[in-house]
Amino acid sequence: MRTFSWSLLATNMALAGLIAGAPLSAYALTFEAAQTIALRDAPQLQASHAQITVAQQSAIPAGELPDPKIELGIDNLPICRPRSI
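Quick note on numbering: the sequence shown equals residues -28 to -1, 1 to 57 in mature numbering (1 follows the signal peptide of the UniProt record, and there is no 0).
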């Protein structure tokens, strides 16, 4: 099982910064910024937010009646010939 090495990650980020020619501080990320990015880009959270929005839009406000709907159907329609006696 592989373990995560923070020192290896830091070394790789430093090398990537040096190779790209940008200072390492340009890639520094605060905890709050990382949390904001994670919350913004998480697909499960986006799906949950979409479900909440749909539920809020489809909810009937208090004191209002739902939209009228018409149902049409035929009861007791024989689908085969009557039996001969």
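Cβ coordinates follow ideal geometry from the N, Cα and C atoms, glycine included.
Determine the direct distance from the alpha carbon of A14 to that of L49, and round the result to whole angstroms. For this step, residue 49 is matched to residue 77 along the sequence shown. For this step, residue 14 is matched to residue 42 along the sequence shown. About 53 Å.
Taking the Cβ atom as the reference point for each residue, do I32 and P38 lie within a distance shorter than 9 Å? Locating residue 32 in the sequence shown gives position 60, where the first residue counts as 1. Locating residue 38 in the sequence shown gives position 66, where the first residue counts as 1. Going by C-beta atoms, I32 is nearer than 9 Å to P38.
For I46 and C52, the rounded distance between their alpha carbons: On the sequence shown, residue 52 is found 80 positions in, with the first residue counted as 1. On the sequence shown, residue 46 is found 74 positions in, with the first residue counted as 1. Their backbone Cα atoms lie some 15 Å apart in a straight line.
Can you list, in chain order, the residues of its chain whose CB lies under 6 Å from that of I9, leaving out five sequence neighbours each side? Indexing the sequence shown from 1 puts residue 9 at position 37. For I9, same chain residues with a beta-carbon under 6 Å away, outside a window of 5 residues either side, do not exist.
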